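Student: My questions will all concern the structure given below.
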Ligand SMILES: Cc1cc2nc3c(=O)[nH]c(=O)nc-3n(C[C@H](O)[C@H](O)[C@H](O)COP(=O)(O)O)c2cc1C
Ligand code: SF4
Ligand code: FES
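Residue numbers (my numbering), protein chains in the order written: chain A, 1 to 194; chain B, 195 to 652.
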């Protein structure tokens, strides 16, 4: 016989006051509590980097829905991370225009430079590499997104220079630190190759 | 997209105010003639009168299907203010999920002139009697989210949103909802499920959203570009809108071109410009040393066309007659040095990945097609693979799946099997990919897709 242990959890002990406030705001503009699900996941992920089982259960409790339902939502989306990720998540576009323009070389350069494959995180916890469908910059292909920034007209050299820029600035003040999601300014950074 | 002096609100209504580095503030937008359409609609016209103008204008949806907007709106039940049977809410939802590969027009409209979308939503919501409106925005469009929210905040502070808009008895709340990256959310009933916080699988129709949509209430879902036409039609009239285009489809269209052409980009042009003009005049023709091999006229889910179709006008009817669909108007160009099999594999892999998994033909059929195409591209294809692919196209065709995603995947595949038959055959016969310069698929080492003559893929 198997004994299933159940855990009782109080979301108030798990979510911060700020998280709860932000989630309740999203609830207030919708007709039902459950409809704030995806926004709630994004809020907690913004504060914690990813969605752990505990986070998921706490949000489900706050929204008065089952964890299973919320998990069905969470796992449906590319931008909800159900595993820990690095400080910078690289989303490289692998859709058609980027394909025709040769994103494969850029991807290979990133993999080689960081020593990781899709779905992996560098040992220093700085980068995670993921693919993304069309990023809406097809006329400026190849394209990748890191945090809120879209980097366009990529070449292998340019991509490596962007990563190096992020590595160098990791302790210093990044101009417009892309982790600061309260500033949603997605300025498009052009890196010059010299 | 650049706007020059020759572009005016009368010839380039959608884009003449686009400024991608710094969109117009509310005051500036009003100074340029903005919110006049909304003012006219709310203060001088009844909802029925607005609807009549839109129906008369022949505006068709720009989200892919080309459904007449007036007809869509006319299915929404209307009630007198004191009618006890009136639903508590009605909704207008702007579909800004733009995730179809090769489509990037809505982004320009949202980043470049966000107030235009806000104004269009005020008029449209007024027409269908909606008191709440949502912009369903894809999660990757961070700049759009920021600029739309700024525009909405400004509109609230100047009473273009909220209670008793501009002294009328019309109220409207407008919110931005950002998604988290899944193509199927763009399908309008999946979008409604997503907004309700459910897993975003499409719903069965009927009931249609206009009758029972978001939270079971009457709901209209329209594309960003469709909506952005509304203020201009109200301001300048249905006749003006119709005469913008020489073809039967009225208005302008934002066309896109991507692939290896000289100057890829976006252009607002009269509906029905020929493919030739778009590709050679506006996009500058093929990049040096390349020849045109084929193209998808309207995004990833449309059938291939060939160089022989270059003189086809880019309007709904003409492109259909040529055997494809206008779709989103985003031209994806295949050159003679990119492998058509690899291109189709890339497209079908997208659909396989984005399939919501609800119905079997799509959930199983799209990955199966990916498996076969991978085999062929790698030079391990078998002769009956081509029949197998043709069968899969049948299994996933219209009427056999729960939504239009799978048929959308079939379109490029089926047309490629027909038009690029020689290329498929050569892969099988030679046991390698004849396009030495082409790009192999990600996930395969670049030398796995064995190039003919021993050359590794670049
Ligand atoms: C798989 C799939 C994805 C879609 N994605 C979008 C989209 O991103 N944006 C959009 O406007 N319409 C999209 N559509 C079409 C919508 O279902 C709907 O027809 C459209 O939003 C209606 O707006 P319109 O009448 O203004 O064109 C998609 C359809 C399907 C089947
Ligand atoms: S066709 Fe594909 S995307 Fe559409 S409902 Fe079926 S499985 Fe889902
Ligand atoms: S295909 Fe890569 S941005 Fe559109």
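Think of the CB as a built atom: it goes at the ideal place given N, C-alpha and C, for glycine as much as any other residue.
All values derive from a computational prediction rather than experimental measurement.
What are the partner residues of residue 513 of chain B, as DSSP defines its beta bridges?
Tutor: For the purposes of this step, residue 513 of chain B is taken as residue 319 along the second chain, with counting starting at 1. Note: residue 513 of chain B sits in no beta bridge, so no partner.
Student: Which residues of the region 364-377 of chain B have a Cβ closer than 9 Å to any Cβ of chain A? Give them in chain order.
Tutor: Against chain A - using a Cβ distance shorter than 9 Å - the residues of the region 364-377 of chain B are 367, 369, 371, 372, 373, 374, 375, 376, 377.
Student: Taking 7 Å as the cut-off, is the C-beta of residue 378 of chain B nearer than that to any heavy atom in ligand 1?
Tutor: Position 184 of the second chain holds residue 378 of chain B. Result yes, Cβ under 7 Å from ligand 1.
Student: If you pair each beta-carbon of the region 305-315 of chain B with each one of the region 272-279 of chain B, do three or more pairs fall below 8 Å?
Tutor: Flag = no, the region 305-315 of chain B and the region 272-279 of chain B do not touch.
Student: Does any residue of chain B bring its CB to less than 8 Å from the CB of residue 144 of chain A?
Tutor: Within the first chain, residue 144 of chain A is the residue found at index 144, counting from 1. Residue 144 of chain A does not count as touching chain B.
Student: Contact between the region 76-96 of chain A and the region 127-141 of chain A is defined here as three or more beta-carbon pairs at a separation below 8 Å; is this criterion met?
Tutor: Yes, the region 76-96 of chain A is in contact with the region 127-141 of chain A.
Student: Assuming contact is defined by CB atoms lying nearer than 8 Å, are residue 109 of chain A and residue 159 of chain A in contact in what I supplied?
Tutor: The count along the first chain starts at 1 and reaches residue 109 of chain A at position 109. The count along the first chain starts at 1 and reaches residue 159 of chain A at position 159. Contact flag set, yes.
Student: Is residue 134 of chain A helix, strand or coil when you go by DSSP?
Tutor: Along the first chain, one-based indexing puts residue 134 of chain A at 134. If DSSP states are grouped into helix, strand and coil, residue 134 of chain A belongs with coil.
Student: I want to verify the contact list: residues of chain B whose CB lies under 9 Å from the CB of residue 57 of chain A, in sequence order.
Tutor: Sequence index remark: in the first chain, residue 57 of chain A carries index 57 (1-based). Residues of chain B passing the Cβ test: none, with the nearest at roughly 16 Å.
Student: So residue 317 of chain B and residue 244 of chain B are supposed to be a Cβ contact under 8 Å. How far apart are they, rounded?
Tutor: Residue 317 of chain B sits at position 123 when you count from the first residue of the second chain. Residue 244 of chain B sits at position 50 when you count from the first residue of the second chain. 7 Å between Cβ atoms; contact.
Student: Excluding the 5 residues preceding and the 5 following residue 402 of chain B in the sequence, name in chain order all residues of the same chain whose CB lies nearer than 7 Å to its CB.
Tutor: Working through the second chain from its first residue, we reach residue 402 of chain B at position 208. Around residue 402 of chain B: 269.
Student: Give a single yes or no on whether residue 587 of chain B has its beta carbon closer than 7 Å to a heavy atom of ligand 2.
Tutor: Position 393 of the second chain, counted from the start, is the residue given in the question as residue 587 of chain B. For ligand 2, not one heavy atom lies less than 7 Å from the Cβ of residue 587 of chain B.
Student: Give me the DSSP bridge partner(s) of residue 152 of chain A.
Tutor: Locating residue 152 of chain A in the first chain gives position 152, where the first residue counts as 1. DSSP lists no partner for residue 152 of chain A.
Student: Using a Cβ cut-off of 7 Å, which residues of the region 509-527 of chain B contact any Cβ in chain A, in chain order?
Tutor: Correct list: 526.
Student: Flag residue 480 of chain B as yes if its beta-carbon sits less than 8 Å from any beta-carbon of chain A, otherwise no.
Tutor: On the second chain, residue 480 of chain B is found 286 positions in, with the first residue counted as 1. By this cut-off, residue 480 of chain B is not an interface position.
Student: When you compare only the Cα positions, how much space is there between residue 236 of chain B and residue 320 of chain B?
Tutor: One-based indexing of the second chain puts residue 236 of chain B at position 42. One-based indexing of the second chain puts residue 320 of chain B at position 126. Their Cα atoms are separated by approximately 7 Å.
Student: Tell me whether the beta-carbon of residue 419 of chain B lies closer than 8 Å to the beta-carbon of residue 386 of chain B.
Tutor: Locating residue 419 of chain B in the second chain gives position 225, where the first residue counts as 1. Locating residue 386 of chain B in the second chain gives position 192, where the first residue counts as 1. Not a contact, by the Cβ cut-off of 8 Å.
Student: If we count the other Cβ atoms within 10 Å of its Cβ and call it buried at 16 or more, is residue 265 of chain B buried or exposed?
Tutor: Residue 265 of chain B sits at position 71 when you count from the first residue of the second chain. Classification for residue 265 of chain B: exposed.
Student: Shortest alpha-carbon distance to residue 504 of chain B belongs to which of B:552, B:494, B:495, B:490?
Tutor: Stepping through the second chain from its first residue, residue 504 of chain B is reached at position 310. Among B:552, B:494, B:495, B:490, the Cα nearest to that of residue 504 of chain B is on B:490.
Student: Considering only residues of the same chain and omitting the five flanking positions on each side of residue 457 of chain B, which have a CB-CB separation below 6 Å?
Tutor: Residue 457 of chain B sits at position 263 when you count from the first residue of the second chain. The residues are 477, 478.
Student: For the beta strand (DSSP E) containing residue 379 of chain B, name the first residue and the last one.
Tutor: For the purposes of this step, residue 379 of chain B is taken as residue 185 along the second chain, with counting starting at 1. Where residue 379 of chain B is concerned, there is no enclosing beta strand (DSSP E), given that its DSSP letter is neither H nor E.
Student: Between residue 460 of chain B and chain A, is any beta-carbon pair separated by less than 8 Å?
Tutor: By one-based count along the second chain, residue 460 of chain B stands at place 266. It does: the Cβ of residue 460 of chain B has a partner Cβ on chain A nearer than 8 Å.
Student: Would you mind listing the beta strand (DSSP E) stretches within the region 238-323 of chain B that are 3+ residues and don't spill past its ends, in chain order?
Tutor: Runs of the beta strand (DSSP E) inside the region 238-323 of chain B: 285-290.
Student: Note down, in chain order, every chain B residue with its Cβ under 7 Å from the Cβ of residue 31 of chain A.
Tutor: If you number the first chain from 1, residue 31 of chain A lands on position 31. Ordered by position in chain B, the residues that pass the 7 Å Cβ test against residue 31 of chain A are 409.
Student: Measure the C-alpha to C-alpha separation of residue 408 of chain B and residue 390 of chain B and round it to an integer number of angstroms.
Tutor: On the second chain, residue 408 of chain B is found 214 positions in, with the first residue counted as 1. On the second chain, residue 390 of chain B is found 196 positions in, with the first residue counted as 1. Their Cα atoms are separated by approximately 7 Å.
Student: Spell out whether any CB of chain A is found under 8 Å from the CB atom of residue 452 of chain B.
Tutor: Sequence index remark: in the second chain, residue 452 of chain B carries index 258 (1-based). Judged by the 8 Å Cβ criterion, residue 452 of chain B is in contact with chain A.
Student: Closer than 7 Å: is that where the CB of residue 113 of chain A sits relative to any heavy atom of ligand 2?
Tutor: Residue numbering aside, residue 113 of chain A sits at position 113 when the first chain is read from its first letter. Outside the cutoff, so no.
Student: Just by C-beta distance, which residues in the region 107-135 of chain A are closer than 8 Å to chain B?
Tutor: Correct list: 107, 108, 118, 131, 132, 133, 134, 135.
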